[in-house]
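See below for the structure under consideration.
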Amino acid sequence: MLLYFNLAGVALGLQAPLMSVTVQQHILETPQFHGRELVLDHKWTVMDCLVKVRRLRRAGDRCASRISELGLAWVAEDGRYIGYVGATELLLADPSTPVADLVRASGTVVRANDDLDDALNALRTTHTAVAPVVDDRGRLVAALSPSELMATLDAEATEDVAKLAAAGGIGAYFSANPWSVARNRVAWLLSLLVLQSVSTVVLNRFSTLLSNHLLLALFVSTITGTSGNAGNQASAVVIRGLAVGDIHPRRDARRVLLRELATALPLALVLGVASFLRALFMANGAIYAAKTALAIGTTMVLTIISAILVGTTAPLLLDAIGVDPCNCASPALATMVDLCGVLLLCSVGQAILPSAAAVSSKPVH
Numbered sequence: 001m002l003l004y005f006n007l008a009g010v011a012l013g014l015q016a017p018l019m020s021v022t023v024q025q026h027i028l029e030t031p032q033f034h035g036r037e038l039v040l041d042h043k044w045t046v047m048d049c050l051v052k053v054r055r056l057r058r059a060g061d062r063c064a065s066r067i068s069e070l071g072l073a074w075v076a077e078d079g080r081y082i083g084y085v086g087a088t089e090l091l092l093a094d095p096s097t098p099v100a101d102l103v104r105a106s107g108t109v110v111r112a113n114d115d116l117d118d119a120l121n122a123l124r125t126t127h128t129a130v131a132p133v134v135d136d137r138g139r140l141v142a143a144l145s146p147s148e149l150m151a152t153l154d155a156e157a158t159e160d161v162a163k164l165a166a167a168g169g170i171g172a173y174f175s176a177n178p179w180s181v182a183r184n185r186v187a188w189l190l191s192l193l194v195l196q197s198v199s200t201v202v203l204n205r206f207s208t209l210l211s212n213h214l215l216l217a218l219f220v221s222t223i224t225g226t227s228g229n230a231g232n233q234a235s236a237v238v239i240r241g242l243a244v245g246d247i248h249p250r251r252d253a254r255r256v257l258l259r260e261l262a263t264a265l266p267l268a269l270v271l272g273v274a275s276f277l278r279a280l281f282m283a284n285g286a287i288y289a290a291k292t293a294l295a296i297g298t299t300m301v302l303t304i305i306s307a308i309l310v311g312t313t314a315p316l317l318l319d320a321i322g323v324d325p326c327n328c329a330s331p332a333l334a335t336m337v338d339l340c341g342v343l344l345l346c347s348v349g350q351a352i353l354p355s356a357a358a359v360s361s362k363p364v365h
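Residue numbering for the sequence shown follows the UniProt record's numbering, starting at 1 and increasing by one per position.
Listed below in structure tokens is the structure:
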């Protein structure tokens with residue numbers, strides 16, 4: 001008899017890993033995947049297969065139409081998936097030919113307990129039009145194609161963009177309730193406000209240094225803004241690499257860090273020199289401002305390097321522990337880099353300009 005898979009029965013034997021959506025979970029939540037795949041027994045002849053397919057077609061069974069939709073049928077041996085046979089080969093072959101002689105192995109086979117993101121990456125990278133999904137016993141569960149998963153990709157992209165902006169998931173823009181959107185954002189913004197307040201404490205503690213060297217204070221936003229942009233660039237590149245499978249968080253971590261460090265050094269030097277020259281220009285080339293300009297340039301170099309390393313490391317760490325790297329949101333990264341920039345500017349300024357670096361002890365009101 002013709003074999004087709006009872007998805008509900010197999011689901012009892014599968015367990016989904018925590019903190020991820022598996023292929024099996026996605027299939028169970030999508031009714032269109034249930035009980036539609038045509039599976040032929042490898043012992044059948046071509047004539048046996050054609051007779052069975054025609055009989056199912058006349059009965060209106062949906063799995064019979066899959067051979068025309070996909071241009072192929074799946075083949076199983078003792079209930080386990082072994083490959084597929086093309087519809088054209090099935091029609092043109094000698095009727096007495098065993099199906100086993102026509103079977104081809106699939107280039108990509110997805111496991112039901114695989115993470116959905118990994119399955120999508122496999123389909124993309126191998127340019128697979130359709131891939132069989134098998135359970136832990138090798139039985140066919142369903143078949144996936146990139147076009148059928150497009151809705152899932154769109155939903156994940158919307159969620160990832162919201163995470164990158166620390167805006168929370170909103171679904172369709174115009175259908176989102178403004179109060180729900182505000183509730184999703186407020187926790188992030190309050191947390192960032194508390195973190196940003198640390199910068200105020202640092203600036204107050206070094207208020208004497210900044211008041212005696214006003215040029216330092218004028219460059220606070222320049223340093224934090226530029227380094228924040230550099231950190232966001234590094235973070236975006238790493239997150240994309242993780243998303244498309246170019247980067248493995250554990251295997252490639254050291255290689256990625258060294259590569260980004262090699263990128264950070266020339267960037268930091270160029271921006272540091274530019275900041276030094278700009279500071280001198282703002283001071284009209286005064287000799288007394290040279291040390292202040294040096295402090296600004298040095299801080300820019302150190303902050304750019306730190307920002308790129310943080311932007312590289314954060315998504316790698318999150319992905320390695322099973323957390324979506326998009327949770328390393330741009331506002332959070334920018335706030336951390338701001339704090340780092342303020343600390344470095346005040347520390348470098350105090351080291352290079354010791355005579356005027358008396359530390360203020362005035363409390364914050």
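Positions of the beta carbon are idealized from the N, C-alpha and C atoms, including for glycine. Nothing here was measured: the structure is a model prediction, and the numbers come from that model.
Rounded to whole angstroms, what's the CA-CA distance from residue i to residue j? Just pull it up for me.
| i | j | result |
| --- | --- | --- |
| C63 | G71 | 13 angstroms |
| G311 | N284 | 35 angstroms |
| T292 | S306 | 21 angstroms |
| H248 | L242 | 7 angstroms |
| L271 | L190 | 32 angstroms |
| P266 | V273 | 11 angstroms |
| V85 | H26 | 26 angstroms |
| N184 | S175 | 15 angstroms |
| F33 | L144 | 8 angstroms |
| L318 | L333 | 13 angstroms |
| L102 | T313 | 50 angstroms |
| P178 | E29 | 28 angstroms |
| L56 | A187 | 56 angstroms |
| R259 | P98 | 54 angstroms |
| S211 | T335 | 24 angstroms |
| S235 | D252 | 15 angstroms |
| V75 | L92 | 17 angstroms |
| A100 | G322 | 41 angstroms |
| T128 | G60 | 29 angstroms |
| L40 | G107 | 19 angstroms |
| S96 | D48 | 9 angstroms |
| D182 | T200 | The sequence given here places Ala at residue 182; Asp does not occur at that position. Straight-line Cα distance between these residues: approximately 26 angstroms. |
| A8 | R137 | Confidence is the limiting factor: at A8 the pLDDT is only 33, short of 50, which leaves the residue's position unreliable and the question unanswerable from this model. |
| T126 | M282 | 55 angstroms |
| residue 421 | S180 | Residue 421 lies beyond the stretch modelled for the chain, which goes from 1 to 365, so this question has no answer here. |
| S207 | Q196 | 17 angstroms |
| A230 | D246 | 21 angstroms |
| residue 368 | V21 | Not covered by the structure: residue 368. The range shown for the chain is 1 to 365. |
| N232 | G225 | 11 angstroms |
| S221 | R36 | 60 angstroms |
| R58 | L50 | 12 angstroms |
| S65 | L90 | 15 angstroms |
| L269 | R254 | 23 angstroms |
| S347 | L209 | 10 angstroms |
What residue range is occupied by the uninterrupted beta strand (DSSP E) comprising residue i?
| i | result |
| --- | --- |
| L72 | L72 to E77 |
| G86 | R80 to G86 |
| L123 | Per DSSP, L123 belongs to no beta strand (DSSP E); it is in the alpha helix (DSSP H), L116 to T125. |
| V134 | A131 to V134 |
Note down, in chain order, each residue of its chain lying with its Cβ closer than 7 angstroms to the Cβ of residue i, except the 5 sequence neighbours on either side.
| i | result |
| --- | --- |
| I239 | P315, P325 and C326 |
| I67 | L38, V53, A73 and A87 |
| F276 | A293, L294, I296 and G297 |
| I223 | T299, M300, T303, G341 and L345 |
| H213 | T292, G349, L353 and A356 |
| V134 | Y81, V109, R111, A112, L140 and V141 |
| A320 | P249 and R250 |
| T105 | Sequence inspection shows Ala at residue 105; the Thr mentioned does not correspond to that position. Counting only Cβ-Cβ distances below 7 angstroms, and skipping sequence neighbours, we find G83. |
| W44 | V99 |
Spatial neighbours of residue i within its chain, please: CB distance less than 8 angstroms, with the 5 preceding and 5 following residues excluded, ordered by chain position.
| i | result |
| --- | --- |
| A279 | L215, F219, A289, T292, A293, I296 and G297 |
| V198 | L339 |
| V256 | V238, G241, I247, T312 and L316 |
| P17 | With a pLDDT of 34 at P17, under the threshold of 50, the modelled position of that residue is not reliable, and the figure given next carries that caveat. For P17, where only same-chain residues beyond five positions count, the Cβ hits under 8 angstroms are N113 and D115. |
| L261 | I305, I308 and L309 |
Compute the beta-carbon to beta-carbon distance between residue i and residue j, rounded to the nearest angstrom, for a pair I have assumed lies under 8 angstroms.
| i | j | result |
| --- | --- | --- |
| V46 | D94 | 7 angstroms |
| V202 | L343 | 6 angstroms |
| L192 | P31 | Between P31 and L192 the Cβ distance is about 41 angstroms, and since that is not below 8 angstroms, they are no contact. |
| V23 | L116 | 6 angstroms |
| A131 | L123 | 6 angstroms |
Enumerate in chain order the residues of its own chain whose CB-to-CB distance from residue i is below 6 angstroms, with the five nearest sequence positions on each side excluded.
| i | result |
| --- | --- |
| A264 | I305 and I308 |
| A351 | none |
| S227 | T303, I304, A307, V337 and G341 |
| G79 | R139 |
| L77 | Correcting the residue identity first, residue 77 is Glu in this sequence and not Leu. Only H42 meet the Cβ criterion. |
Between which two residues does the alpha helix (DSSP H) carrying residue i extend?
| i | result |
| --- | --- |
| A142 | Careful: A142 lies outside any alpha helix (DSSP H), inside the beta strand (DSSP E) at L140 to L144. |
| residue 386 | There is simply no residue 386 to check, as the chain begins at 1 and stops at 365 in what is shown. |
| I27 | V23 to L28 |
| L280 | A253 to M282 |
| A112 | Careful: A112 lies outside any alpha helix (DSSP H) and carries neither H nor E. |
| N212 | S207 to N212 |
Note to self: Extract the residue ranges of the alpha helix (DSSP H) inside the stretch 294–360, only unbroken runs of 4 or more that lie entirely within it.
What the structure shows: 330–352
Margin query: Report the start-end ranges of each alpha helix (DSSP H) in the stretch 30–59 that is 4 residues or longer and not cut off at the edges.
Written below: 46–58
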